[in-house]
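Colleague: This note's numbering numbers the first residue of the sequence shown as 768 and each following residue consecutively. Beta carbons: idealized from backbone N, C-alpha and C, even for Gly. Just so it is clear, the structure is predicted and the values come from calculations on it, not from any experiment. Quick one: structure below, then a few questions.
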Amino acid sequence: MYDRVVDVPRLVCFYAEDAPLPDPVLVEARAVLDEHYRGAPGGPFATVGMCFYRDGRDSVAWHGDTIGRGATEDTLVAILSVGSSRTLRLRPRAGGPSLGFKLDSGDLLVMGGSCQRTWEHAIPKTAKAVGPRISVQFRPAGVR
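Rendered as structure tokens:
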């Protein structure tokens with residue numbers, strides 16, 4: 768970051784297209800999402816990313832999933848939250864106030880349309896005592 772190497776403040780894992788997923792429930796979740804969002808921009812969900820937030824010190828900085836075709840095309844990104852509650856923040860890239868959404872265990876947040884190109888999202892650090900959380904991100908092919 769900014770010409771220096773820093774540790775990622777969470778544990779991450781990525782499953783590329785056609786990579787076997789570690790649990791059948793993830794295969795089933797992806798199939799249900801594909802069926803529900805069939806015909807939506809971006810095509811079916813092809814990759815799965817996971818982040819493990821160990822406690823309130825783990826976070827992800829402001830960003831949009833704009834690597835690859837997500838930078839130029841409307842697409843969907845679905846995030847399944849499992850474990851302790853955390854707040855996901857959204858802010859417009861053009862400036863303006865941020866919005867906060869509390870994600871509880873089992874919540875599904877789907878960001879579609881131009882959201883990745885026109886908004887940024889983050890999971891900020893918190894001083895509150897929070898337990899572990901897993902974020903499972905389902906993305907179409909060519910979006911990171």
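Would Gly-909 pass as a contact of Arg-858 if the rule is Cβ separation under 8 Å?
Modeller: It is not a contact, given that the beta carbons lie outside the stated cut-off.
Colleague: Check Glu-887 in the structure and name its three-state DSSP category.
Modeller: Glu-887 falls in the strand class under three-state DSSP.
Colleague: When we look at the beta-carbon of Asp-785 and count the other beta-carbons within 10 Å, is it buried (16 or more) or exposed?
Modeller: Asp-785 is exposed by the Cβ-count criterion.
Colleague: Are there 16 or more other CB atoms within 10 angstroms of the CB of His-934, so buried, or fewer, so exposed?
Modeller: Limits of the chain in this structure are 768 at one end and 911 at the other, which puts residue 934 out of reach.
Colleague: Kindly indicate which three-state DSSP category Ala-914 falls into: helix, strand or coil?
Modeller: Because the chain in this structure spans residues 768 to 911, residue 914 falls outside the shown range and cannot be described.
Colleague: Three or more beta-carbon pairs under 8 Å between the segment 841 to 861 and the segment 793 to 813, yes or no?
Modeller: Yes: at least three Cβ pairs fall under 8 Å.
Colleague: As a quick exercise: from Asp-871, Gly-823, Gly-831, Leu-778, pick the residue whose alpha carbon is nearest that of Thr-893.
Modeller: Thr-893 has its Cα closest to that of Gly-823, out of Asp-871, Gly-823, Gly-831, Leu-778.
Colleague: Is the beta carbon of Arg-900 closer than 8 Å to that of Ser-865?
Modeller: No, these two residues do not count as a Cβ contact at 8 Å.
Colleague: Pull up the distance between the alpha-carbon of Glu-802 and that of Val-897, whole angstroms please.
Modeller: Going from the Cα of Glu-802 to the Cα of Val-897 covers about 34 Å.
Colleague: Measure the beta-carbon distance from Val-877 to Met-817 and round it to whole angstroms, keeping in mind my assumption that it falls under 8 Å.
Modeller: Contact doesn't hold; Cβ gap of about 17 Å is too wide.
Colleague: Run through the segment 846 to 892 for me and flag every whole alpha helix (DSSP H) of 4 or more residues, listed as ranges in chain order.
Modeller: Complete alpha helix (DSSP H) runs here, min 4: 882 to 885.
Colleague: Are the Cβ atoms of Phe-812 and Leu-778 separated by less than 8 Å?
Modeller: No.
Colleague: Beta-carbon separation of Leu-800 and Val-794 under 8 Å?
Modeller: Their beta carbons are not under 8 Å apart, which means Leu-800 does not touch Val-794 by this criterion.
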